[in-house]
Structures are given as structure tokens and as C-alpha cells.
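In our numbering, the protein residues as written are 41 to 294. Structure first, commentary second.
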């Protein structure tokens with residue numbers, strides 16, 4: 041049946057490599073959830089100076105929250121890719137299988153992107169532009185909750201502190217920008233797919249501009265709302281571009 045053919049393309053289980061991919065996807069999702077929820081925390085918090093202007097930006101509402109980004113990269117592209125693949129020219133029984141194959145490649149690439157970004161965030165521990173406002177650091181064991189920067193002298197390096205702000209654990213995850221990386225990956229994958237499929241030129245180029253515009257907006261918004269520095273976004277977008285190109289061309293061209 042077409043549905044069975046679709047799932048054969050989406051979830052083949054013929055080789056050890058196929059099984060390894062599923063294990064990678066599972067543990068990648070678990071790792072991401074544990075990091076984002078704060079269950080996996082850093083052992084040594086990076087030091088900082090209260091008069092560092094780079095980390096004293098105001099904490100603003102996110103223009104593109106994670107709950108908005110998730111549908112953009114995890115729901116809309118798979119639906120779009122599947123529907124477009126089902127409309128391509130070819131044997132009718134091949135279309136569901138090819139749709140599943142395209143979707144599998146996109147999702148596997150997305151999982152790898154998320155894992156690499158999260159590992160880099162945990163390794164680098166770069167403070168966000170709104171670090172002071174988001175972390176609200178206090179001395180360990182301070183029952184009064186007096187913020188370190190309320191009495192710290194200028195130029196003094198703070199090395200021992202605790203974050204008391206809501207989701208303070210996310211104040212150390214500026215580099216690289218996960219939003220920029222995943223949004224760029226998603227946009228360029230769809231654009232690369234459109235370039236290889238038989239769609240009339242006007243529709244193809246309109247959709248390409250739309251996806252590129254969405255990816256660029258998500259990336260730039262992370263600078264506007266003080267979630268990242270410009271270099272975090274540039275590196276994140278570059279990583280997303282590389283992963284999209286690799287996913288589209290390896291092990292064979294889509």
C-alpha cells in the first residue's frame with residue numbers, strides 16, 4: 041500500500057547503519073531535552089565581571105520562542121516536502137517511498153544539527169548578552185538573595201556564584217545560535233530540494249525566497265532580542281548551511 045511504502049522509505053531497517061541511525065535519533069532527542077530542561081547542568085560556571093557591558097543587556101521577550109521555532113523546523117518542512125514529493129512525476133508507487141526517504145534524510149540531518157549545537161553550547165559556555173539580567177547571580181549560600189552585582193566593585197572577577205533567575209541555566213548557552221543553525225538548515229534544505237524538483241519556475245523561486253526570508257528573519261531576530269551576539273548567529277547560520285549542503289549531497293544527491 042502507499043502508506044506501507046512511505047514508511048519503508050522513512051524507516052528502513054535493513055542494515056546495522058539503519059539501526060544505528062535510530063539509536064542516534066533517540067539519544068539525541070533525550071540529550072536535547074535534558075539540556076534544555078536544565079537537568080544536565082554545568083559543573084563549573086564561567087567567571088564574569090559585573091561591569092562587562094557585553095553581558096548587561098536587558099532580558100527581552102523572545103521574538104521567535106523555541107515553541108514557535110519547533111513547528112518551523114519539525115512540522116512544516118516535513119509536511120511540505122512530503123506533499124511536494126507525492127506530486128512529482130514518476131511511478132505512482134515510487135512516490136510514497138521517495139517521500140519517506142526525503143523526510144528521513146531531512147529529519148536525520150536535523151537531529152545531527154541539534155546534537156552538535158547542544159554539545160558546542162555545553163562545551164563553550166558563552167554568556168548571553170542578557171546574562172546578568174537572566175542569571176541574577178548571588179553568592180553561594182546567600183540567604184538574603186543579594187545580587188552579586190549590587191555590591192561587587194568594578195573590575196573584580198566573580199568566580200563563585202549561583203544563578204537565581206528563572207531558566208538561569210540558559211544564560212550560558214549563547215554560542216552558537218541554535219535558532220540560526222536549525223532555521224538555516226531547514227530553509228536551505230527545502231531550497232535545495234526545490235531546486236532539484238520539477239516545479240514551475242515562478243512557484244519555485246517564490247518558495248525559495250519565502251523560505252530564505254523566514255530563515256534569515258529567525259536568525260537576525262536572535263540579535264534584536266539580546267539572545268545572541270552577532271558572531272553566534274553568523275557561526276550558527278554557517279553551520280546550518282554546511283549541514284544542509286552535506287545532507288542534500290551525501291551519501292548521494294537527493
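Just so you know, even glycine gets a beta-carbon here, dropped at the ideal spot from N, CA and C.
Between the segment 97-107 and the segment 179-187, do three or more beta carbon pairs fall short of 8 Å? no
Let me know the beta strand (DSSP E) ranges lying completely inside the segment 197-268, each 3 residues or longer, listed in chain order. none
Taking C-beta to C-beta, are residue 146 and residue 257 nearer than 7 Å? no
Check whether the segment 165-176 and the segment 199-212 are in contact - that is, three or more C-beta pairs closer than 8 Å. yes
List the residues that DSSP assigns as beta-bridge partners of residue 89. 197
Cβ pair residue 232, residue 288 closer than 7 Å: yes
Is it buried or exposed, residue 66, if we count other Cβ atoms within 10 angstroms and call 16 or more buried? exposed
Close Cβ partners of residue 272 (< 8 Å) along its chain, the five nearest in sequence each way excluded: 166, 214, 215, 216, 217, 220 and 262
Within 10 Å of its beta-carbon, does residue 84 have 16 or more other beta-carbons around it, so buried, or fewer, so exposed? exposed
Distance, Cα to Cα, residue 57 vs residue 162? 28 Å
C-alpha gap between residue 79 and residue 252, whole angstroms: 34 Å
Smallest Cα separation from residue 123: which of 114, 111, 140 and 109? 140
Which same chain residues, not among the five before or five after residue 105, have their C-beta less than 7 Å away from its C-beta? none
Per DSSP, residue 187 forms a beta bridge with which residues? 178
Rounded distance between the beta-carbons of residue 153 and residue 71, thought under 8 Å: Actually they do not touch by this definition, with Cβ atoms about 13 Å apart.
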